[in-house]
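In this note's numbering, the protein residues as written are 50 to 522.
The beta carbon of each residue, even a glycine, is placed where N, CA and C say it ideally should be.
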Amino acid sequence: MVIEEAVNGRDDMLIDGQMGDQVLPSGFNPNFLKLYYGIPLLKLRFQSKLFPYGDIFRWMSYGNDGKHPACDKSYFGRRELSFTLENDIYLRFLSFNSVSELEKGIREKCPFKIDIGPVYSVDPSKRHAYAQSGENVFKPVERELIFDIDITDYDDVRYCCSGADVCLDCWPLMTAAIKVINTALRDDFGFRHILWVYSGRRGVHCWVCDGKARRLTNEQRAAIADYFRVYKGSENSKKKVSLTGHALHPFLVRSYTEVLKDLFEQTLLSSQQIFSTEDKCEKVLEMIPDESVAAELRGRWQKRSSCSKDDINAVRWEHLKHTLQSGRHKGQGLRRCVEEIVFSFSYPRLDMEVSKHMNHLLKAPFCVHPKTGKYTVHLSRVCVPIDPVHCHEFDPTTVPTLSQLLQELNSGGMGQEGDNDWDRTSLGESVRFFRSSFLEPLLKSCKVELLIFEEMESAYNSKLQQSKNSMTW
Numbered sequence: 050m051v052i053e054e055a056v057n058g059r060d061d062m063l064i065d066g067q068m069g070d071q072v073l074p075s076g077f078n079p080n081f082l083k084l085y086y087g088i089p090l091l092k093l094r095f096q097s098k099l100f101p102y103g104d105i106f107r108w109m110s111y112g113n114d115g116k117h118p119a120c121d122k123s124y125f126g127r128r129e130l131s132f133t134l135e136n137d138i139y140l141r142f143l144s145f146n147s148v149s150e151l152e153k154g155i156r157e158k159c160p161f162k163i164d165i166g167p168v169y170s171v172d173p174s175k176r177h178a179y180a181q182s183g184e185n186v187f188k189p190v191e192r193e194l195i196f197d198i199d200i201t202d203y204d205d206v207r208y209c210c211s212g213a214d215v216c217l218d219c220w221p222l223m224t225a226a227i228k229v230i231n232t233a234l235r236d237d238f239g240f241r242h243i244l245w246v247y248s249g250r251r252g253v254h255c256w257v258c259d260g261k262a263r264r265l266t267n268e269q270r271a272a273i274a275d276y277f278r279v280y281k282g283s284e285n286s287k288k289k290v291s292l293t294g295h296a297l298h299p300f301l302v303r304s305y306t307e308v309l310k311d312l313f314e315q316t317l318l319s320s321q322q323i324f325s326t327e328d329k330c331e332k333v334l335e336m337i338p339d340e341s342v343a344a345e346l347r348g349r350w351q352k353r354s355s356c357s358k359d360d361i362n363a364v365r366w367e368h369l370k371h372t373l374q375s376g377r378h379k380g381q382g383l384r385r386c387v388e389e390i391v392f393s394f395s396y397p398r399l400d401m402e403v404s405k406h407m408n409h410l411l412k413a414p415f416c417v418h419p420k421t422g423k424y425t426v427h428l429s430r431v432c433v434p435i436d437p438v439h440c441h442e443f444d445p446t447t448v449p450t451l452s453q454l455l456q457e458l459n460s461g462g463m464g465q466e467g468d469n470d471w472d473r474t475s476l477g478e479s480v481r482f483f484r485s486s487f488l489e490p491l492l493k494s495c496k497v498e499l500l501i502f503e504e505m506e507s508a509y510n511s512k513l514q515q516s517k518n519s520m521t522w
């Protein structure tokens with residue numbers, strides 16, 4: 050008996066061997082998802098489970114797991130989760146008090162998507178009972194600072210794909226976004242516990258999990274989001290970026306010199322063929338505020354060029370840079386036009402509203418994206434963490450899919466009792482990275498915070514008792 054038979058409805062037999070050369074169908078199948086969550090489909094000799102329930106619980110608890118005297122035992126139970134079920138049925142304000150409750154809830158509902166919301170002042174599943182009291186006690190009190198970057202927002206500057214489709218020619222835009230935002234969060238704001246996650250389809254998510262980040266107000270979140278706000282153009286705007294002021298902010302200088310300039314000149318020029326057609330050239334020329342300069346370049350490019358088709362993008366870019374930076378033209382706005390063009394094509398485009406509000410939900414790591422695009426037909430990829438240090442090596446087309454994981458699990462035979470099922474699949478590397486590079490350092494930091502809080506509380510209680518004793522005397 051093999052998993053392929055299970056997902057096709059034969060649920061009365063045992064898995065008792067390897068699949069041999071049989072290959073699971075690649076299409077999304079809800080039964081694949083049940084096996085991923087560890088929902089029994091068969092009378093199994095062993096129960097497979099790939100979703101890392103315990104790791105998600107430990108992360109979302111931030112040390113408030115009942116094992117420390119100073120911990121808040123209600124913390125995880127006040128966290129909102131939402132499930133998207135089959136046929137787009139949406140369940141919000143779900144809560145669970147333990148990892149066993151979380152696992153039971155997911156197994157019972159088998160959600161196609163899991164979203165994580167804020168920690169509220171009270172249990173979100175009981176919000177209506179508190180609302181009847183007439184007091185506004187139900188409100189978010191903690192939430193990770195989050196960023197959502199979707200490659201569809203770059204559709205006006207990428208020519209290889211559009212919509213939900215993504216390929217290795219346009220994915221470097223996501224790589225650049227990770228590098229720019231991650232460096233700023235660490236160096237400019239001092240955050241340490243940052244998790245980057247592939248969205249499973251067409252972008253990346255960022256979770257900033259430091260205590261000071263989780264306790265930011267909406268106004269403070271908006272201020273941080275606005276710090277990154279450079280791309281301000283609408284879909285119909287000809288000029289997307291305006292870099293004003295006597296000198297560029299150091300953050301923008303660093304982003305340009307360390308990431309964006311090389312990305313544009315060494316990757317995007319050729320991969321997106323930015324100057325290969327008249328329409329594409331016009332798009333760039335429209336960003337030049339002096340029409341006489343644009344006309345000069347247009348006339349030069351319209352003449353028969355002696356350069357080969359392969360290097361026409363680089364040659365025309367050098368023409369543009371030389372013309373704008375030669376000093377011959379003194380028109381207003383020309384001084385930073387080269388940088389503005391580079392920023393327009395390559396600077397991170399954030400969904401600002403996601404970052405500004407505590408009550409915004411975001412897809413959970415390690416859940417599965419059932420929807421696909423043209424280049425990922427029938428593939429349901431897992432939302433795996435991305436190492437920001439080596440993000441240039443990340444390939445979204447090789448991220449594990451549901452069918453691939455189950456194929457690997459079944460081909461590997463039965464593991465020993467107590468083994469982690471993901472260690473027998475390509476998901477194991479992602480879980481181990483999540484633990485070693487993010488979760489373990491985060492929990493050590495949380496433990497220190499709890500110890501400090503406990504010491505402060507003990508010192509306060511001691512002084513309070515001394516004061517009472519003094520008054521009694």
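Determine the DSSP secondary structure at residue i, reduced to helix, strand or coil.
i: L244; result: strand
i: T450; result: strand
i: F95; result: Here the model assigns F95 a pLDDT of 47, short of 50, so the residue's position is not dependable, and the following value carries that caveat. Three-state DSSP puts F95 in coil, outside helix and strand.
i: S475; result: coil
i: H323; result: Looking at the sequence itself, residue 323 is Ile, so the reference to His does not match. Correct three-state label for I323: coil.
i: P89; result: coil
i: H418; result: strand
i: L194; result: strand
i: K289; result: coil
i: R207; result: coil
i: R484; result: helix
Exposed or buried, what is residue i when buried is set at 16 or more other beta-carbons lying within 10 Å of its beta-carbon?
i: E457; result: buried
i: N408; result: exposed
i: V186; result: exposed
i: A178; result: exposed
i: I138; result: exposed
i: E152; result: buried
i: I227; result: buried
i: K92; result: Interpretation of K92 is limited by its pLDDT of 46, a score under 50 that renders its predicted location unreliable; no figure is taken from the coordinates.
i: A296; result: exposed
i: S485; result: exposed
i: V257; result: buried
i: D70; result: For D70, the predicted structure reports a pLDDT of 46, less than 50, and the residue's modelled location is therefore unreliable. A value from the coordinates is still provided. When all chains shown are included, D70 counts as exposed.
i: V331; result: Position check: residue 331 holds Glu in this sequence, whereas Val was assumed. Its Cβ having fewer than 16 others within 10 Å, E331 is exposed.
i: N362; result: buried
i: A180; result: exposed
i: A272; result: exposed
Would you mind reading off the limits of the alpha helix (DSSP H) that contains residue i?
i: Y139; result: Unbroken run through Y139 is the beta strand (DSSP E), I138 to L143; no alpha helix (DSSP H).
i: S131; result: Premise fails: S131 lies in the beta strand (DSSP E), R128 to L134, not in any alpha helix (DSSP H).
i: G103; result: Y102 to S110
i: W350; result: E340 to Q351
i: F364; result: For the sequence presented, residue 364 should be read as Val rather than Phe. Unbroken alpha helix (DSSP H) run through V364: I361 to Q374.
i: G154; result: V148 to K158
i: A233; result: P221 to D236
Report the residue from the options whose alpha carbon sits nearest the alpha carbon of residue i.
i: D197; options: S404, L492, V497 and H441; result: S404
i: D444; options: A272, V215, C255 and D360; result: V215
i: S131; options: Y179, I155, D218 and G249; result: I155
i: T224; options: S375, D236, L309 and A363; result: L309
i: E129; options: V168, F313, S486 and A274; result: V168
i: N78; options: D472, Q453 and L492; result: Q453
i: P434; options: T316, G126, S248 and I501; result: S248
i: L222; options: A272, T316, D164 and E135; result: T316
Just reading off the beta strand (DSSP E) that residue i is part of, what are its end residues?
i: K162; result: K162 to Y169
i: C440; result: First-last for C440: undefined, no H or E at that position.
i: H254; result: G252 to V257
Flag residue i as yes when its Cβ comes closer than 6 Å to any non-hydrogen atom of the ligand MG, and as no otherwise.
i: I88; result: Looking at this structure, you won't find the ligand MG or any other ligand, since it has none at all.
Quiz prompt | Meets three-Cβ-pair contact criterion under 8 Å: the region 204-219 and the region 307-323 | solution = Three or more beta-carbon pairs drawn from the region 204-219 and the region 307-323 are found closer than 8 Å, and the two stretches are therefore classed as touching.
Quiz item: Three or more C-beta pairs closer than 8 Å, one from the region 164-181 and one from the region 135-148: is that the case here?
Solution: When Cβ pairs closer than 8 Å are counted between the two stretches, the region 164-181 is seen to touch the region 135-148, the count reaching three or more.
Quiz item: Are there three or more Cβ pairs, one per stretch, closer than 8 Å when the region 381-394 is compared with the region 286-305?
Solution: Enough Cβ pairs lie closer than 8 Å, so yes.
Quiz item: Quick one: any contact between the region 476-494 and the region 107-122, if contact means 3 or more CB pairs under 8 Å?
Solution: Verdict: yes, contact present.
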